[in-house]
Every structure is written in structure tokens, then in C-alpha cells.
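One point on numbering: in my numbering, the residue at position 34 of the sequence shown is 35, and numbering is uninterrupted. Quick reminder that beta carbons are idealized off the backbone N, C-alpha and C, glycines included. These numbers come from a predicted model, not from an experiment.
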Amino acid sequence: MNEQLVVANGNDQPIEPNTIDTTSAEVIPKIYIVPFILITMCFPLWGFANDVTNPLVKAFSKVLQMTAAEGTWVQVAFYGGYGAMAIPAALFIKKFTYKAGLMMGLAFYALGAFLFLPAAEAQSFTPFLFAFFVMTCGLSFLETSSNPYIMSLGPAETATRRLNLAQAFNPVGSLLGMFIATQFIIQKLNPASDAERRELITEGSASSLDQLAAITANDLEVIRNPYLAIGVVVLIMFLIIAFKKMPRTEDKSSGLDIKGTFKRLLANQNYREGVIAQMFYVGAQIMCWTFIIHYGTEVFMKMGMTEQAAEAKSQLFNIYAMVIFCISRFVCTFILKYIQPGKLLMLLAAGGMVFTVGTVFLEGILGLYSLVAISACMSLMFPTIYGIALTGTDDDAKLGSAGLIMAIVGGTFLPMAQATIIDMKVLFDGLSATKVSFILPLLCFIVIAAYGKRSERNS
2 MNEQLVVANG NDQPIEPNTI DTTSAEVIPK IYIVPFILIT MCFPLWGFAN
52 DVTNPLVKAF SKVLQMTAAE GTWVQVAFYG GYGAMAIPAA LFIKKFTYKA
102 GLMMGLAFYA LGAFLFLPAA EAQSFTPFLF AFFVMTCGLS FLETSSNPYI
152 MSLGPAETAT RRLNLAQAFN PVGSLLGMFI ATQFIIQKLN PASDAERREL
202 ITEGSASSLD QLAAITANDL EVIRNPYLAI GVVVLIMFLI IAFKKMPRTE
252 DKSSGLDIKG TFKRLLANQN YREGVIAQMF YVGAQIMCWT FIIHYGTEVF
302 MKMGMTEQAA EAKSQLFNIY AMVIFCISRF VCTFILKYIQ PGKLLMLLAA
352 GGMVFTVGTV FLEGILGLYS LVAISACMSL MFPTIYGIAL TGTDDDAKLG
402 SAGLIMAIVG GTFLPMAQAT IIDMKVLFDG LSATKVSFIL PLLCFIVIAA
452 YGKRSERNS
């Protein structure tokens with residue numbers, strides 16, 4: 002990657018080349034420390050959005066009386082924004098700058114968050130889906146900009162370690178999102194169960210329907226409030242990035258050769274397979290973190306808990322999973338100093354396979370523990386697949402990044418498939434539909450292990 006540094010303030014003035022040590026193996030050269038910190042501050046923002054949203058599949062299903070599959074349209078809208086905007090975002094960044102991409106992403110993110118206000122007023126599912134979609138169009142810009150930008154801020158040989166370090170702060174936002182979801186959404190929803198809400202509909206009297214409408218309005222306001230708060234935070238971050246001079250690492254000599262770039266990327270087997278592996282990884286992550294609520298609720302209700310208590314307890318286990326994910330991210334980033342990325346990816350995927358088997362076949366709390374443990378294995382997968390896939394793509398990394406962000410659409414159809422299995426509510430040789438549905442993440446980890454093995458063999 003071209004390491005020439007120019008100030009992206011509209012008056013690009015190159016800094017003398019001898020001020021940058023391009024031969025250094027430093028993870029973060031001193032000249033890039035402040036920009037690295039500012040860009041890394043964006044990583045928790047999309048972590049928050051992802052993990053405050055996952056529990057809403059269950060919440061919307063309850064509040065608006067929908068099936069698990071219907072509630073999963075939250076994930077379709079949320080992750081669909083990534084797929085729709087990834088390539089336009091990459092083309093925008095290639096034409097302009099990484100900084101411009103960051104600002105566009107933050108602007109869309111804030112707009113989507115503020116759209117929760119009219120959505121709650123409308124008391125309809127569709128406006129919420131639109132708000133999710135707009136917000137993740139912004140996240141697509143953010144991730145398409147931030148990941149390759151971080152990789153470019155230093156020597157190529159430390160790019161994967163640098164990205165893993167930045168990505169290690171993503172779970173901080175995820176943990177906050179899960180905490181907010183537990184304490185300020187799940188716990189604040191009206192305690193009326195699914196059955197009690199259905200009874201109000203069945204009764205059909207004016208008073209019962211008015212009671213249900215009041216419960217629904219209150220619950221949708223509870224869902225709305227955290228998004229309005231994060232919208233304010235994102236707006237502040239937008240202003241900081243807008244007024245801060247940022248380094249420019251793009252190669253200005255290269256034009257916008259879209260056809261040639263796509264041709265080179267499609268001919269790159271390592272990249273192609275990386276996009277596929279990333280799609281299955283994101284699918285596995287969303288499935289494990291979204292349906293831990295359904296899995297845990299089933300476990301705890303069998304222990305005699307009420308539905309609301311079981312849901313709240315399950316969300317705590319989701320937080321435990323994210324804590325483990327966060328710790329494992331830092332540990333695995335350190336281990337990368339000694340183990341080749343492809344090999345570590347393969348070993349982590351194998352571990353994910355083992356724990357997923359435990360999730361399916363172990364009974365009660367042991368199965369839930371296995372589901373939580375999967376997060377330790379997933380911690381390093383996204384940035385490692387990302388770094389491996391973009392290795393050697395040079396300036397094609399801008400559009401290459403778009404393909405890897407577009408792969409996040411794995412978070413749409415795979416969770417929907419799992420939700421369809423869960424909605425069957427039948428037993429498979431004594432196993433509940435919820436347990437059997439985790440066969441899908443198992444298949445995802447098999448694909449990821451194969452990519453890690455191929456990468457190790459070719460390194």
C-alpha cells in the first residue's frame with residue numbers, strides 16, 4: 002500500500018517522505034497514532050449498534066405479536082443495509098477519501114438512529130425496519146472505510162495485527178449495547194407475556210384493545226430511547242472527524258478502474274474464498290448471539306422461571322458471551338505474534354465446531370454454557386478473515402473491502418433460516434427445534450476452518 006501521507010483537509014499538502022519509516026515493523030508508527038485512535042473510536046459504535054439490536058428480534062416478536070421468523074426481519078433490514086451500500090461506499094471512498102467515507106457513514110448512522118422517533122410514533126414495524134436499514138447503510142460506509150484505513154496506517158507486514166488491535170475495541174461497544182438492551186430495553190418492557198397479550202387480542206373488546214395499544218406504545222418508546230441517545234453520540238463523533246486533519250494513504254496516481262479492479266479481485270482465489278468465509282462467519286455470529294435468547298429462555302423456563310425472567314437471564318448470558326469474546330480478542334491478537342493467521346483461524350473454527358456440537362446435544366445449562374463458549378472461538382475470525390483476504394490487493398483493497406463488508410449479508414438469510422427451524426416448535430429425536438437449529442452455525446464453522454486451512458497451506 003502506498004504510504005505517502007497528505008493532509009485530507011481540502012488542500013492536500015504532502016508531508017516529506019523521509020518523515021515516515023516505511024521499513025519499520027511497528028504495528029502503529031508514531032506519526033499515525035492520533036488518527037489510529039480516532040478511527041478506532043468508530044469501531045465500538047457499530048459494535049453497539051449490532052448488539053443492542055440482536056435482542057430486538059425477540060423483543061419485537063413479543064411487542065408486535067410476531068413469530069421468530071417475522072421478528073428476524075429486524076436482522077434482514079439491519080444487515081441488508083450492509084449489502085446494499087457496501088459497493089457504493091467503496092466507489093465513494095475510491096473517488097474521494099477514507100475520511101469522506103467515515104463522515105458519510107457517521108451521517109447515515111445518526112440519521113437512522115433519529116428515525117426511531119417517528120417509527121415509535123407510528124407504532125408500526127415497517128418504519129423501524131427502514132430506520133435499521135438507513136442506520137446500517139451508515140455502518141457499511143463506516144466499516145468499508147475504517148478497516149482498510151486502519152490496515153494502511155503502517156507497514157503492510159503488520160496490517161493484520163493492526164486491524165485486530167483496532168477490532169479488539171469493537172466488543173467494548175458490543176458489551177455496552179448488550180448492557181443497554183438488558184437494563185434499558187428487556188427489563189423495561191411491560192411484563193405481560195406473549196400469551197397474555199394474545200388474550201387481549203382474542204377478547205377483542207374496546208377496553209382490552211386499548212390496554213394492548215397502551216402496552217405496545219410504551220414498549221416501542223422503550224425500544225426507541227437508546228437509539229436516540231446513540232444518535233447524539235454519533236453526531237458528536239461526526240463533528241470531531243470533520244474538523245480533524247486526517248492522514249491520506251490512498252495512491253492518488255491510480256484512477257477509478259472499476260472493471261479492472263473487479264476483474265483482479267474475482268481472479269484472486271484467496272479473496273474470493275475470503276468473502277465466502279466472511280459471509281458464513283457473520284451468519285454464525287448473528288445466529289449465536291441472536292438466538293441465545295431463545296435458547297436460554299427455553300432452558301430457564303424448564304427450570305420453572307417465568308418467561309420474562311427467563312428472557313432477562315438469557316440476556317445476561319449473552320453479555321457473558323460478549324465478555325468472553327472481548328477477552329479472547331485481546332488474547333488471540335497477542336497469540337498472532339507466534340501463530341500464522343490462517344492456522345489460528347482454523348484452530349478457532351475447530352473449537353467453534355466442538356462447542357456448537359455441545360450446544361445441540363448437551364442438556365440444560367451445559368448446552369447454554371457451550372453456546373456461550375462459542376464466542377471465545379469467534380473473537381478473532383472477522384478481522385483475521387478480512388486481513389487474509391485483502392493480503393496483496395494493494396489499492397484494490399478499497400473495492401475489496403466492499404466485498405467483505407457486503408458478505409455481512411450472511412447475517413440476513415442464515416438467521417432467517419434458523420428462525421424458521423425454531424418456529425417449527427417440534428422435537429427431532431428428543432431435541433427441541435431450538436437446539437437443532439444450531440446445526441447451521443456448525444456448518445458455518447466448517448466452511449471457516451476450510452478457509453483457514455487453505456490459507457495456512459498457501460502462506
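Pull up the distance between the alpha-carbon of ALA85 and that of TYR321, whole angstroms please. Residue mapping note: residue 85 aligns to position 84 of the sequence shown, counting from 1. Residue mapping note: residue 321 aligns to position 320 of the sequence shown, counting from 1. Cα-Cα distance, rounded: 32 Å.
Best match in ALA351, ILE187, ALA91, ILE447 for proximity to ASP397 [C-alpha to C-alpha]: Position 396 of the sequence shown, counted from the start, is the residue given in the question as residue 397. Out of ALA351, ILE187, ALA91, ILE447, ALA91 has the C-alpha closest to the C-alpha of ASP397.
Ignore the nearest five residues each way along the sequence and tell me which others in ASN10's own chain have a CB closer than 6 Å to its CB. Here residue 10 is taken as the residue at index 9 of the sequence shown, counted from 1. Caution is warranted here: a pLDDT of 36 is assigned to ASN10, below 50, making its placement in the model unreliable, and the coordinate value is therefore given only provisionally. Cβ neighbours of ASN10 beyond the five flanking positions: LYS246.
Tell me the residue span of the alpha helix (DSSP H) that contains THR262. Taking the sequence shown and counting its residues from 1, one reaches residue 262 at position 261. From DSSP, the alpha helix (DSSP H) with THR262 extends over 259 to 267.
Around the C-beta of THR24, are 16 or more other C-beta atoms found within 10 angstroms, so that it is buried, or is it exposed? For this step, residue 24 is matched to residue 23 along the sequence shown. Here THR24 scores only 42 on pLDDT, less than 50, and its place in the model should not be relied on; the value that follows carries that caveat. Exposed.
On the DSSP bridge list, what partners appear for SER315? If you number the sequence shown from 1, residue 315 lands on position 314. According to DSSP, which records beta bridges pairwise, SER315 is partnered with nothing at all.
Sequence ranges, alpha helix (DSSP H) only - wholly within the stretch 368 to 414, length at least 4: 382 to 391, 398 to 407
Does the beta-carbon of GLN286 have 16 or more other beta-carbons within 10 angstroms, so that it is buried, or is it exposed? The sequence position of residue 286 within the sequence shown is 285, counting from 1. Answer is buried; the Cβ neighbour count reaches 16.
Let me check one thing: in DSSP terms, what residues is LEU432 bridge-paired to? Numbered from its first residue, the sequence shown carries residue 432 at position 431. For LEU432, which the question treats as bridged, DSSP gives the partners PHE429.
How long is the line joining the alpha carbons of ASN459 and GLN168, rounded to whole angstroms? The sequence position of residue 459 within the sequence shown is 458, counting from 1. The sequence position of residue 168 within the sequence shown is 167, counting from 1. C-alpha separation (whole angstroms): 25 Å.
Within 8 Å, strictly: CB atoms of THR360 and SER376: In the sequence shown, the residue the question calls residue 360 occupies position 359. In the sequence shown, the residue the question calls residue 376 occupies position 375. The answer is no: Cβ separation not under 8 Å.
Could you pull the start and end residues of the alpha helix (DSSP H) that ASN55 belongs to? As a position in the sequence shown, residue 55 is number 54, starting the count at 1. Segment: none, ASN55 is in no alpha helix (DSSP H) and carries neither H nor E.
Would you call SER380 buried or exposed, if buried means 16 or more other Cβ atoms sit within 10 Å of its Cβ? On the sequence shown, position 379 is the one that residue 380 refers to. Classification of SER380: buried, given that the 10 Å Cβ count is 16 or more.
What is the DSSP secondary structure of CYS445, counted as helix, strand or coil? As a position in the sequence shown, residue 445 is number 444, starting the count at 1. CYS445 falls in the helix class under three-state DSSP.
Below 8 Å on the Cβ atoms is my contact criterion, and I expect PHE126 with PHE61 to pass it. Report the Cβ-Cβ distance as a whole number of Å. Within the sequence shown, numbered from 1, the residue matching residue 126 stands at position 125. Within the sequence shown, numbered from 1, the residue matching residue 61 stands at position 60. Confirmed, Cβ separation roughly 7 Å.
Please classify ALA219 as buried or exposed, where buried requires at least 16 other C-beta atoms within 10 Å of its C-beta. One-based indexing of the sequence shown puts residue 219 at position 218. Here residue 219 is Asn; the residue named in the question, Ala, does not match the sequence. By the neighbour-count rule (16 or more Cβ atoms within 10 Å), ASN219 is not buried but exposed.
Residue span of the alpha helix (DSSP H) that contains MET304, given as start and end: Along the sequence shown, read from residue 1 onward, the residue named residue 304 stands at position 303. Where MET304 is concerned, there is no enclosing alpha helix (DSSP H), given that its DSSP letter is neither H nor E.
Sort TYR110, LEU405, ALA434 by Cα distance to PHE239 and report the nearest one. Numbered from its first residue, the sequence shown carries residue 239 at position 238. Minimum Cα distance to PHE239 is reached at TYR110.
DSSP three-state label for PRO89, please. Here residue 89 refers to the residue found at position 88 when the sequence shown is read from its first residue. Note: PRO89 maps to helix in three-state DSSP.
CB of VAL358 within 8 Å of CB of LEU441, strictly: Position 357 of the sequence shown, counted from the first residue, corresponds to residue 358. Position 440 of the sequence shown, counted from the first residue, corresponds to residue 441. Taking 8 Å as the Cβ cut-off, VAL358 and LEU441 do not qualify as a contacting pair.
For PRO128, does the three-state DSSP call read helix, strand or coil? Counting from one through the sequence shown, the residue named residue 128 turns up at place 127. Reduced to three states, the DSSP call for PRO128 is helix.
Quick one: is ALA243 buried, meaning 16 or more other Cβ sit within 10 Å of its Cβ, or exposed? What you label residue 243 is simply residue 242 of the sequence shown in a count that begins at 1. Answer is exposed; the Cβ neighbour count stays below 16.
Ignore the nearest five residues each way along the sequence and tell me which others in SER175's own chain have a CB closer than 6 Å to its CB. Taking the first residue of the sequence shown as position 1, residue 175 is located at position 174. Within the same chain, SER175 has close Cβ partners GLY48, ASP52, MET323.
With distances taken Cα to Cα, identify the nearest neighbour of GLY343 among LYS426, PHE301, THR161, LEU39. Here the question's residue 343 lines up with position 342 in the sequence shown. Among LYS426, PHE301, THR161, LEU39, the Cα nearest to that of GLY343 is on THR161.
Candidates SER153, PHE93, THR137: closest to ILE32 by CA position: Translated into positions along the sequence shown, residue 32 becomes position 31. Taking only the C-alpha atoms, the option nearest ILE32 is SER153.
Distance between LEU143 and TYR99 (C-alpha atoms, nearest Å): If you number the sequence shown from 1, residue 99 lands on position 98. If you number the sequence shown from 1, residue 143 lands on position 142. If you take the alpha carbons of TYR99 and LEU143, they lie about 9 Å apart.
Go ahead and pull the three-state DSSP assignment for PRO248. The residue you call residue 248 lines up with position 247 of the sequence shown. DSSP places PRO248 in strand when its eight states are reduced to three.
I believe ILE449 touches ALA278 by the beta-carbon criterion, under 8 Å. Please report the beta-carbon distance rounded to the nearest angstrom. Counting from 1 along the sequence shown, the entry for residue 449 is found at position 448. Counting from 1 along the sequence shown, the entry for residue 278 is found at position 277. Rounded, the Cβ-Cβ distance is 5 Å, consistent with contact.
Can you list, in chain order, the residues of its chain with a C-beta nearer than 7 Å to that of ARG273? Leave out the 5 residues immediately preceding and following it. By one-based count along the sequence shown, residue 273 stands at place 272. Once the five neighbours on either side are set aside, the close Cβ partners of ARG273 are LEU267.
C-alpha distance - ALA120 paired with ILE336, whole-angstrom precision: In the sequence shown, counting from the first residue as 1, residue 120 sits at position 119. In the sequence shown, counting from the first residue as 1, residue 336 sits at position 335. One C-alpha to the other measures close to 45 Å.
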